[in-house]
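**Q** In this text, residue positions in the sequence shown follow the working numbering: the first is 231, and each later residue adds one. Each residue gets a CB set at the ideal place from its N, CA and C atoms; glycine is no exception. Note that the coordinates shown come from a computational prediction; the quantities given were computed from them, not determined experimentally.
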Amino acid sequence: MQPVAVGICVTLALATVGSAQSQVVETVLHRAAKALEAGNPGQAITSLGEALSKSTDPRLQQLLAAAHTRRGAVRFRAGDLDGAAHDFAAADRLEPGNAKILQSLGVIRMKQHRAREAKELMERVLKLEPNNSHALGVLGRIAVQHDDTERASHLLSRAAAQEPGRRDYAFEARKLSREAEVEAGFTRIARGSFELSMPTGKQGLDRAAESVLRILEQAHRELGQALGARPAKRIKVVLYTKAQFLRVRSAHAWARAYYDGKLRVALRQWPASTSELRRDLRHELTHAFLHELHPKAPLWLHEGYAQVLEGRSALGLAARFRSGADGLLPRAVFLGAFASNRDEDLVRRGYAQSLLLVDHLLRRGKARLLRQLLGELGRGTESDRALRLVYGRGLDSLLSEAVAAR
Numbered sequence: 231m232q233p234v235a236v237g238i239c240v241t242l243a244l245a246t247v248g249s250a251q252s253q254v255v256e257t258v259l260h261r262a263a264k265a266l267e268a269g270n271p272g273q274a275i276t277s278l279g280e281a282l283s284k285s286t287d288p289r290l291q292q293l294l295a296a297a298h299t300r301r302g303a304v305r306f307r308a309g310d311l312d313g314a315a316h317d318f319a320a321a322d323r324l325e326p327g328n329a330k331i332l333q334s335l336g337v338i339r340m341k342q343h344r345a346r347e348a349k350e351l352m353e354r355v356l357k358l359e360p361n362n363s364h365a366l367g368v369l370g371r372i373a374v375q376h377d378d379t380e381r382a383s384h385l386l387s388r389a390a391a392q393e394p395g396r397r398d399y400a401f402e403a404r405k406l407s408r409e410a411e412v413e414a415g416f417t418r419i420a421r422g423s424f425e426l427s428m429p430t431g432k433q434g435l436d437r438a439a440e441s442v443l444r445i446l447e448q449a450h451r452e453l454g455q456a457l458g459a460r461p462a463k464r465i466k467v468v469l470y471t472k473a474q475f476l477r478v479r480s481a482h483a484w485a486r487a488y489y490d491g492k493l494r495v496a497l498r499q500w501p502a503s504t505s506e507l508r509r510d511l512r513h514e515l516t517h518a519f520l521h522e523l524h525p526k527a528p529l530w531l532h533e534g535y536a537q538v539l540e541g542r543s544a545l546g547l548a549a550r551f552r553s554g555a556d557g558l559l560p561r562a563v564f565l566g567a568f569a570s571n572r573d574e575d576l577v578r579r580g581y582a583q584s585l586l587l588v589d590h591l592l593r594r595g596k597a598r599l600l601r602q603l604l605g606e607l608g609r610g611t612e613s614d615r616a617l618r619l620v621y622g623r624g625l626d627s628l629l630s631e632a633v634a635a636r
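(1) Could you tell me the alpha carbon to alpha carbon distance between Ser584 and Leu531, rounded to whole angstroms?
(2) So for Pro233, helix, strand or coil by DSSP?
(3) Let me check understanding here. Comparing Cα to Cα, which of Lys264, Leu324, Lys341, His298 lies closest to Gly608?
(4) Return helix, strand or coil for Phe416, following the three-state DSSP convention.
(5) Can you check whether the CB of Leu446 is closer than 9 Å to the CB of Phe424?
(6) So does the stretch 501-517 actually touch the stretch 534-548, counting three or more Cβ pairs closer than 8 Å?
(7) To which residues of the same chain is Gly431 closer than 6 Å at the C-beta, ignoring the five residues directly before and after it?
(8) Any idea what DSSP makes of Glu425, helix, strand or coil?
(9) How about Lys466 and Ser427: do their beta carbons lie closer than 9 Å?
(10) How would you label Ala635, buried or exposed, when you count the other beta carbons within 10 angstroms and need 16 or more for buried?
(11) In or out: Arg354 buried (at least 16 other Cβ within 10 Å) or exposed?
(12) Which residue wins for smallest C-alpha separation from Val258, given the options Glu267, Glu280, Gly269?
(13) With DSSP collapsed to three states, give me the class of Pro501.
(14) Assuming Val633 contacts Ala548 under a Cβ cut-off of 8 Å, what Cβ separation, rounded to an integer in Å, is found between them?
(15) Please determine whether the Cβ atom of Gly624 lies at a distance below 8 Å from any heavy atom of the ligand HEM.
(16) Considering only their Cβ atoms, is the gap separating Leu358 from Ala329 smaller than 9 Å?
(17) Do Ala314 and Ile172 have their beta-carbon atoms positioned less than 9 Å apart in this structure?
(18) Could you spell out the range, first to last residue, of the alpha helix (DSSP H) harbouring Arg305?
(19) What would DSSP say about Leu565, mapped onto helix, strand or coil?
(20) Under the three-state reduction of DSSP, which class applies to Ala496: helix, strand or coil?
(21) Return the first residue and the last residue of the beta strand (DSSP E) that Leu469 is part of.
(22) What residue range does the alpha helix (DSSP H) around Ala632 cover?
(23) Under the rule that 16 or more other beta-carbon atoms within 10 Å means buried, what is Arg486, buried or exposed?
(24) In whole angstroms, give me the CA-to-CA distance for Arg618 and Ile419.
(25) Could you check what DSSP says for Ala485 in three-state terms: helix, strand or coil?
(26) With 16 as the cutoff for other CB atoms within 10 Å, does Ser505 come out buried or exposed?
(27) What separation, rounded to the nearest whole angstrom, lies between the Cα atoms of Ala320 and Phe551?
(28) Quick check on His513: does DSSP put it in helix, strand or coil?
(29) In terms of residue numbering, what span does the alpha helix (DSSP H) encompassing Leu559 cover?
(30) Excluding the five sequence neighbours on either side, which residues of its own chain have a C-beta within less than 6 Å of the C-beta of Glu631, listed in chain order?
(31) With a Cβ-Cβ cutoff of 9 Å, do Arg624 and Asp614 count as a contact?
(32) Kindly list the residues whose CB is nearer than 7 Å to the CB of Pro501, restricted to its own chain and excluding five residues on each side of it in sequence; keep chain order.
(33) Taking DSSP as the reference, what is the three-state secondary structure of Asp490?
(34) Within a Cβ cutoff of 8 Å, which residues of the same chain sit near Val620, ignoring the five residues on either side of it in sequence?
(35) Just mark Leu244 as buried or exposed, buried being the case when its beta carbon has 16 or more other beta carbons within 10 Å.
Okay, here's the thing in structure tokens:
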């Protein structure tokens with residue numbers, strides 16, 4: 231009978247240990263849930279991670295995934311994309327097959343300009359949820375980047391149908407459809423740093439295209455030298471007649487060219503002066519460079535530097551701001567998307583303020599400090615802090631200095 235008695239003792243001992251472990255797990259789960267309720271996901275992650283090294287209770291894994299998701303969302307809102315990606319990737323490993331986690335990670339990868347990873351993640355989402363509008367929208371925009379207009383239009387139209395409140399999806403789908411119609415049969419020329427498309431058989435456009443390419447190649451060399459780098463891929467340029475440009479245009483009515491991933495130019499709309507053609511091409515090429523090399527550059531830096539590169543002078547701007555003829559834009563407006571505002575006077579002042587500030591920054595430190603500023607912004611540093619690190623002053627102080635200086 232002795233072996234049976236020993237077996238009973240061992241069973242009782244294991245049950246006691248199991249009961250003790252269960253109590254520990256319950257305690258950890260309770261405390262982690264409280265930490266999440268209190269807005270402290272980091273504390274929950276630490277305690278749950280330690281508990282998982284000693285227990286395989288699936289509830290620990292589920293709550294740890296939730297804690298990483300919570301902290302990832304906080305980091306995303308704070309602009310910490312790397313930290314947010316780390317958390318959502320951890321949540322995906324803990325809870326594979328969760329469409330919301332995959333979707334969030336896919337959005338982050340797009341913002342990090344890691345389109346290949348974003349595409350893989352959103353395709354996983356669609357396998358789980360075939361009508362997920364966010365996944366359809368992201369995949370549509372990736373197709374735009376790859377110049378697959380037909381697929382992009384199809385995906386964005388599906389996204390718009392699933393989420394009618396998202397007008398941007400429908401707008402982009404219609405825009406792509408118009409572009410495909412207008413550009414059907416266009417001639418393509420790949421030369422040097424550019425891939426140019428233009429209407430086939432239009433009289434005079436061949437000579438105009440040669441002029442455009444000469445101007446762009448010279449500006450490409452200058453920008454590469456100033457910024458210390460050049461885009462790895464050819465920049466796409468599309469030439470239109472005036473009527474064609476009016477059909478595809480998604481910029482202000484006064485725009486003669488714009489950049490939306492491609493540099494779009496209305497040749498029939500140019501003034502006779504070659505100097506104006508040169509200025510506008512250099513302006514839009516600057517946007518292309520900054521978009522490719524420094525995707526986190528703010529709008530004011532885009533527009534200010536583009537005007538500097540086109541050769542526009544900042545003389546007289548400071549006096550207008552000092553006299554009150556033009557008022558400085560409110561900080562939030564200046565740091566936002568002022569260029570797309572419907573108030574044309576506000577847009578004009580935003581451009582003037584951007585030129586004045588960037589001109590002042592270049593006078594203080596030339597291109598060297600501007601490259602440092604772009605580097606800080608690329609690391610995710612907020613504009614005001616980046617300016618303080620590079621120039622020793624914040625945005626408001628530098629604007630005041632620029633207004634007073636000239």
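**A** Let's see:
(1) What you label residue 584 is simply residue 354 of the sequence shown in a count that begins at 1. What you label residue 531 is simply residue 301 of the sequence shown in a count that begins at 1. Their backbone Cα atoms lie some 7 Å apart in a straight line.
(2) Counted from its first residue, the sequence shown places residue 233 at position 3. With a pLDDT of only 43 at Pro233, under 50, the local geometry of the prediction cannot be trusted, and the value read off the model is given with reservation. Helix.
(3) Residue mapping note: residue 608 aligns to position 378 of the sequence shown, counting from 1. Selected option, being the one with the closest Cα: Lys341.
(4) Within the sequence shown, the letter at position 186 stands for residue 416. Three-state DSSP puts Phe416 in coil, outside helix and strand.
(5) Locating residue 424 in the sequence shown gives position 194, counting from the first residue. Locating residue 446 in the sequence shown gives position 216, counting from the first residue. It is a contact, given that the beta carbons lie within the stated cut-off.
(6) yes
(7) Numbered from 1 along the sequence shown, position 201 holds the residue referred to as residue 431. Same-chain partners within the cutoff: there are none.
(8) Along the sequence shown, read from residue 1 onward, the residue named residue 425 stands at position 195. The answer is strand: DSSP assigns Glu425 an E or B state.
(9) For the purposes of this step, residue 466 is taken as the residue at position 236 of the sequence shown. For the purposes of this step, residue 427 is taken as the residue at position 197 of the sequence shown. Yes. Within cutoff.
(10) Stepping through the sequence shown from its first residue, residue 635 is reached at position 405. By the 10 Å Cβ count, Ala635 comes out exposed.
(11) Looking up residue 354 in the sequence shown gives position 124. Classification of Arg354: buried, given that the 10 Å Cβ count is 16 or more.
(12) Here residue 258 refers to the residue found at position 28 of the sequence shown. For the residues Glu267, Glu280, Gly269, the minimum Cα distance to Val258 belongs to Glu280.
(13) Numbered from its first residue, the sequence shown carries residue 501 at position 271. With a pLDDT of only 49 at Pro501, under the threshold of 50, the placement of this residue in the model should not be trusted, and no figure is reported.
(14) Working through the sequence shown from its first residue, we reach residue 633 at position 403. Working through the sequence shown from its first residue, we reach residue 548 at position 318. Confirmed, Cβ separation roughly 5 Å.
(15) You won't find the ligand HEM in this model; it holds no ligand whatsoever.
(16) Position 99 of the sequence shown, counted from the start, is the residue given in the question as residue 329. Position 128 of the sequence shown, counted from the start, is the residue given in the question as residue 358. Their beta carbons are under 9 Å apart, which means Ala329 touches Leu358 by this criterion.
(17) As displayed, the chain neither begins before 231 nor continues past 636, which places residue 172 out of reach and without an answer.
(18) The residue given as residue 305 occupies position 75 in the sequence shown. Looking at the DSSP string, the run of the alpha helix (DSSP H) that includes Arg305 is 288-307.
(19) Position 335 of the sequence shown, counting from 1, holds the residue named residue 565. If DSSP states are grouped into helix, strand and coil, Leu565 belongs with coil.
(20) Taking the sequence shown and counting its residues from 1, the one referred to as residue 496 is at position 266. Strand, per DSSP.
(21) Position 239 of the sequence shown, counted from the first residue, corresponds to residue 469. Per DSSP, Leu469 belongs to the beta strand (DSSP E) from 465-470.
(22) In the sequence shown, counting from the first residue as 1, residue 632 sits at position 402. Looking at the DSSP string, the run of the alpha helix (DSSP H) that includes Ala632 is 625-635.
(23) Taking the first residue of the sequence shown as position 1, residue 486 is located at position 256. Buried is the call here.
(24) Taking the first residue of the sequence shown as position 1, residue 618 is located at position 388. Taking the first residue of the sequence shown as position 1, residue 419 is located at position 189. Roughly 44 Å separates the two Cα atoms.
(25) Counted from its first residue, the sequence shown places residue 485 at position 255. In this structure, Ala485 counts as coil in the three-state DSSP scheme.
(26) Looking up residue 505 in the sequence shown gives position 275. Its Cβ having fewer than 16 others within 10 Å, Ser505 is exposed.
(27) As a first step, residue 320 must be located in the sequence shown, where it is residue number 90. As a first step, residue 551 must be located in the sequence shown, where it is residue number 321. Approximately 51 Å, taken between the alpha carbons.
(28) By one-based count along the sequence shown, residue 513 stands at place 283. Reduced to three states, the DSSP call for His513 is helix.
(29) By one-based count along the sequence shown, residue 559 stands at place 329. Leu559 -> no alpha helix (DSSP H), and no H or E assigned at all.
(30) Stepping through the sequence shown from its first residue, residue 631 is reached at position 401. Once the five neighbours on either side are set aside, Glu631 has no close Cβ partner at all.
(31) Numbered from 1 along the sequence shown, position 394 holds the residue referred to as residue 624. Numbered from 1 along the sequence shown, position 384 holds the residue referred to as residue 614. Checking the displayed sequence, the identity of residue 624 turns out to be Gly instead of Arg. Against a cut-off of 9 Å, the Cβ pair of Asp614 and Gly624 comes out as a contact.
(32) The count along the sequence shown starts at 1 and reaches residue 501 at position 271. A caution first: Pro501 carries a pLDDT of 49, below 50, which makes its placement in the model too unreliable to give a value.
(33) Mapped onto the sequence shown, residue 490 falls at position 260. If DSSP states are grouped into helix, strand and coil, Asp490 belongs with coil.
(34) Position 390 of the sequence shown, counted from the first residue, corresponds to residue 620. Answer for Val620: Gly595, Leu599, Gln602, Leu603, Glu606, listed in chain order.
(35) One-based indexing of the sequence shown puts residue 244 at position 14. For Leu244, the pLDDT reaches just 32, beneath the cut-off of 50, and the residue's location in the model is therefore unreliable, leaving the point undetermined.
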